[in-house]
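The structure under discussion appears below in the form of structure tokens.
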Amino acid sequence: MLIELKDVNKTYDNGQPLHVLKGINLSIDSGEFVSIMGASGSGKSTLLNIIGILDNYDTGEYYIDGRLIKGLSEKQAADYRNRMIGFIFQSFNLISFKTAVENVELPLFYQGVSRSKRHELAMQYLEKLGLADWAGHYPNEMSGGQKQRVAIARALITNPKILLADEPTGALDSKTSEEVMQLLAKLNREEGVTIIVVTHESGVANCTDKIVHIKDGLIGRIEDNREHRASMFGANTIMK
Amino acid sequence: MRDLFTEVWESVRRNKLRTALTGFAVSWGIFMLIVLLGAGNGLMNSFMRGGAGFASNSVSVGGGWTSKPYDGLKSGRRIRLDDMDVAITAGNQFSQYVDQVSPTVGTNATLSLGKRSFSGYIDGQYPAAKDMGKVEMLYGRFLNDKDIADSRKVVVMPESTASRLLEPGQGVETLLGKYVKVGSLAFQVVGISKADRMRNDNNLWAPYTTVKTVYGKGQEVGSISFTTKGLETEAANEEFEKQYKAAINLHHRAAPDDERAVWVWNRAHQDVQMKKGRNILSTALWIIGLFTLLGGIVGVSNIMLITVKERTHEFGIRKAIGASPWAITKLIISESVTITAFFGYIGMFLGMLTCTILDKTLGQAKMSVFDEQIAMLVDTGVGMDVAIEATLVLIIAGTLAGFFPARKAAGVRPIEALRAE
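Those protein sequences? They're chains V and L, same order as listed. Using numbering that gives the first Met the number 0, the first residue of the first sequence is number 0, and each one after it goes up by one. Using numbering that gives the first Met the number 0, the first residue of the second sequence is number 0, and each one after it goes up by one.
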């Protein structure tokens, strides 16, 4: 198993304790394309943050590739995020004063890769995502779909084990959303990238192969969606 | 390094006005520091030049009164130096530390030229007295070895004495070669020196041997001056003085530890005092300068805090994609040091420029002190050492200014930073 969560609990304590995750057990294998669905407040984002080592958990065990992720120092956590995980965010989270190619280069910068090498690699990834002509542009000169593709390039450049997408289509129109989801599907299919998408949109979830339903901090149904029939609107459509 | 600099430049470029305003305070602080230290140096140099009446390694010795009974003699006995003391001073016992010895002997006499006369003092000196007393010759020459060897009846006098011997309006140089009557004897004037700081206007200097024989002084010596060598520390000076006093005291049958039997005036102490004074002044100026700079540093720290606040989200992104806390810390501290150093150097440059201008203007202005022309500021400015120290101060200050904001930035958890707007 690439990802294994065993009885993971998480409580937020902002004045009043809030038990967000109440014992999550989840296993995701290498090469899977999974979506985590749930209503807002269900704990799906918290779960994704824990998987992405952005947040820590209180009790339980979490393994990536057999390695226990617990009680890491900030430095170690940063290093693991850098080498094992690629993030795609709803709001893209590109650095506004850096050009597309500089944004894509950034994870390699933190790995200490030389200037020319990382530029070369970043250009390769931008080209792969059809954005070579936009390499020198700043994020505010690009459309939402382009920005998200830059973010995907940035997430992929370190060749991570896991690609985590938090509402990747949340800020996009339906057509672009579809393109982005197809791109993710293609990456999963052709390159075997393990992808976990958090969403509350059934159309988005329907693009994935497995749908994990989370409700009130517990894993509910795990749906096999290799047929892509989960959405009532049919396969390959995202309604907004 | 280049990447870091690019990042810093990107950040600074986005906030030009803010950075410039903050930087101004730093420039101002360093500017003040350099100008203060430069002017302080100028003042001290002027003081040193004007106040250096004697060579700093010269020692004067004179007779005193015993303060302790010793060897069957009661206290309160008058001690008069004699030739033996000169011999002791110049002898083997102290040859390691004593360089040139110049005893003096003098007597009161009526000085007269033509109709003018007044009571004065004739001082028997050795040629070495010129350097020890830092006598500056205006006309003619000082006493020389031949004067001593031949016991010539020649005199040198300060211009203040010379002008009293002349009718008003006559130049002092007209006195050269003339004969001045000292008591009943005539001495030829061979040199006129600059007035000393005490503005003595009734003294003449004649060869030691002449005064000694002419005025029948026998064994008596007025005072002994000598220069020292190899006494580097204050402790060494004190040890030497102690031994020297003991030797002289013993010769006069006074207790070796009697402090008052002979007085010893060692200018080395004065020199040490002078250096201490200089250090105190420069320390005071450093403190004032640093406090001025502190205002600038607080400004930089403030701006860095604002920057950190504004960039929290960006730091969250960086952390999410793998920036370690140290990478963030480094970014902030580098920015802080860059701002501080850049504007600091502008301030330093302007400060040094101002010192140069001060040197060219105020440094040329003379101030009249006891008829002596003294420049208020001499060699205004700071040396390379201060420039290097100031650079260190800037780097340390920049690091300090960036430290707390950087720690704050590095400490925010990525998940919180990402939520920040």
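Ideal Cβ positions, reconstructed from N, Cα and C, are used throughout, including at glycine. Everything numeric in this text was worked out from a predicted model, so none of it was measured.
Starting from L:PRO413, find everything on chain V with Cβ-Cβ shorter than 7 angstroms and list it in chain order. Taking the second sequence and counting its residues from 1, the one referred to as residue 413 of chain L is at position 414. What L:PRO413 touches in chain V: LEU53.
So that I know if they touch, is there some Cβ in chain L lying closer than 8 angstroms to that of V:ASN81? Along the first sequence, read from residue 1 onward, the residue named residue 81 of chain V stands at position 82. Closer than 8 angstroms to some Cβ of chain L, the Cβ of V:ASN81 qualifies, so yes.
Closer than 8 angstroms, Cβ to any Cβ of chain V: which residues of the region 270-303 of chain L, in chain order? none
Any idea if V:LEU105 is buried or exposed, counting beta-carbon neighbours within 10 angstroms, 16 or more meaning buried? Taking the first residue of the first sequence as 1, we reach residue 105 of chain V at position 106. With 16 or more Cβ atoms within 10 Å of its Cβ, V:LEU105 is classed as buried.
For the putative contact between V:VAL19 and V:LYS9, defined by C-beta atoms under 8 angstroms, what is the C-beta separation to the nearest angstrom? One-based indexing of the first sequence puts residue 19 of chain V at position 20. One-based indexing of the first sequence puts residue 9 of chain V at position 10. Their Cβ separation, rounded to whole angstroms, is 5 angstroms, which keeps V:VAL19 and V:LYS9 in contact under 8 angstroms.
Please give the ranges of any beta strand (DSSP E) in the region 34-80 of chain L, keeping only runs that are unbroken, at least 3 residues long and fully inside the region. 57-62
Under 8 angstroms between C-beta atoms, does V:ASP6 make it to chain L? If you number the first sequence from 1, residue 6 of chain V lands on position 7. Chain L contact via Cβ: absent.
Cutoff 8 angstroms: V:ASN92 Cβ touching any chain L Cβ: As a first step, residue 92 of chain V is located in the first sequence; it is residue number 93 there, counting from the start. Yes, V:ASN92 lies at the interface with chain L (some Cβ there is under 8 angstroms from its Cβ).
Give me the Cβ distance between V:LEU93 and V:LYS146, rounded to the nearest whole Å; I'm assuming they're in contact under 8 angstroms. Translated into positions along the first sequence, residue 93 of chain V becomes position 94. Translated into positions along the first sequence, residue 146 of chain V becomes position 147. That pair is a contact at about 6 angstroms.
Should L:ILE305 be flagged as near chain V, meaning a C-beta pair shorter than 8 angstroms? Here residue 305 of chain L is taken as the residue at index 306 of the second sequence, counted from 1. For L:ILE305, the answer is no, since every Cβ of chain V falls outside 8 angstroms of its Cβ.
Terminal residues of the continuous alpha helix (DSSP H) containing L:GLN124? Residue numbering aside, residue 124 of chain L sits at position 125 when the second sequence is read from its first letter. Looking at the DSSP string, L:GLN124 is not in any alpha helix (DSSP H); the run it does join, the beta strand (DSSP E), is 115-124.
In whole angstroms, what is the alpha-carbon distance linking L:THR209 and L:THR109? For this step, residue 209 of chain L is matched to residue 210 along the second sequence. For this step, residue 109 of chain L is matched to residue 110 along the second sequence. Each residue's Cα considered, the two are about 17 angstroms apart.
Quick one: Cα of L:GLN187 to Cα of L:LEU376, how far? Stepping through the second sequence from its first residue, residue 187 of chain L is reached at position 188. Stepping through the second sequence from its first residue, residue 376 of chain L is reached at position 377. Near 40 angstroms, if we compare the C-alpha coordinates of L:LEU376 and L:GLN187.
What residues in the region 33-65 of chain V have a beta carbon less than 8 angstroms from any beta carbon of chain L? ASN48, GLY51, LEU53 and ASP54
Chain L within 8 angstroms of V:LYS74, Cβ atoms only: In the first sequence, the residue the question calls residue 74 of chain V occupies position 75. Closer than 8 angstroms to some Cβ of chain L, the Cβ of V:LYS74 qualifies, so yes.
Once DSSP output is grouped into helix, strand and coil, what is the label at V:PHE96? Taking the first sequence and counting its residues from 1, one reaches residue 96 of chain V at position 97. V:PHE96 falls in the coil class under three-state DSSP.
For L:THR337, which residues from the same chain have a beta carbon less than 6 angstroms from its beta carbon, with the 5 sequence-adjacent residues on both sides left out? To locate residue 337 of chain L, count along the second sequence from 1; it is residue 338. Cβ neighbours of L:THR337 beyond the five flanking positions: VAL7.
Between L:LYS329 and chain V, is there a C-beta pair that is closer than 8 angstroms? The residue given as residue 329 of chain L occupies position 330 in the second sequence. No, L:LYS329 does not count as interfacial toward chain V.
Where DSSP assigns a beta bridge to L:ASN107, which residues make up the other side? Position 108 of the second sequence holds residue 107 of chain L. Paired residue(s): L:TYR120.
From the DSSP output, in three-state form, read off V:TYR109 for me. Along the first sequence, one-based indexing puts residue 109 of chain V at 110. DSSP places V:TYR109 in coil when its eight states are reduced to three.
Alpha helix (DSSP H) segment containing V:LEU183, residue limits: For the purposes of this step, residue 183 of chain V is identified with residue 184 of the first sequence, where counting begins at 1. V:LEU183 -> alpha helix (DSSP H) spans 173-190.
Do the region 73-84 of chain L and the region 173-184 of chain L meet, that is, are 3 or more Cβ pairs less than 8 angstroms apart? no
Just confirm the distance between the C-beta atoms of V:ILE27 and V:ILE195, as a whole number of angstroms; I'd bet it's less than 8 angstroms. For the purposes of this step, residue 27 of chain V is taken as residue 28 along the first sequence, with counting starting at 1. For the purposes of this step, residue 195 of chain V is taken as residue 196 along the first sequence, with counting starting at 1. So it is a contact: roughly 7 angstroms between Cβ atoms.
Measure how close the beta-carbons of V:ARG114 and L:ASP2 come, nearest whole angstrom, since I'm counting them as under 8 angstroms. Mapped onto the first sequence, residue 114 of chain V falls at position 115. Mapped onto the second sequence, residue 2 of chain L falls at position 3. Confirmed, Cβ separation roughly 7 angstroms.
Closest to L:ALA234 by C-alpha separation, out of L:ASP257, L:VAL220, L:ASN265 and L:GLU258, would be which residue? For the purposes of this step, residue 234 of chain L is taken as the residue at position 235 of the second sequence. Comparing Cα-Cα distances from L:ALA234 to each of L:ASP257, L:VAL220, L:ASN265 and L:GLU258, the minimum goes to L:ASN265.
Three-state secondary structure (DSSP) at L:ASN14? Locating residue 14 of chain L in the second sequence gives position 15, counting from the first residue. The answer is coil: DSSP assigns L:ASN14 none of H, G, I, E or B.
What ranges does the beta strand (DSSP E) occupy inside the region 214-292 of chain L, keeping only unbroken runs of at least 3 residues that lie completely in it? 222-227 and 261-265
Same chain, Cβ closer than 7 angstroms to L:LYS244, neighbours up to 5 away in sequence not counted: The residue labelled residue 244 of chain L in the question sits at position 245 within the second sequence. If we look at L:LYS244 and ignore the five residues flanking it on each side, its Cβ neighbours are VAL261 and VAL263.
Please confirm whether L:GLY321 and V:TYR109 have their CB atoms less than 8 angstroms apart. Translated into the one-based positions of the second sequence, residue 321 of chain L becomes position 322. Translated into the one-based positions of the first sequence, residue 109 of chain V becomes position 110. Yes, these two residues count as a Cβ contact at 8 angstroms.
For a test of the three-state rule: what should DSSP assign to L:ASN201, helix, strand or coil? Translated into the one-based positions of the second sequence, residue 201 of chain L becomes position 202. Residue state, collapsed to three classes: coil.
In the DSSP output, which residue or residues are listed as bridge partners for L:PHE186? Locating residue 186 of chain L in the second sequence gives position 187, counting from the first residue. Its beta-bridge partners are L:VAL179.
Whole-angstrom C-beta distance between V:THR207 and V:VAL33, which should lie under 8 angstroms: Stepping through the first sequence from its first residue, residue 33 of chain V is reached at position 34. Stepping through the first sequence from its first residue, residue 207 of chain V is reached at position 208. Yes, they are in contact, since the Cβ atoms of V:VAL33 and V:THR207 sit about 6 angstroms apart, within 8 angstroms.
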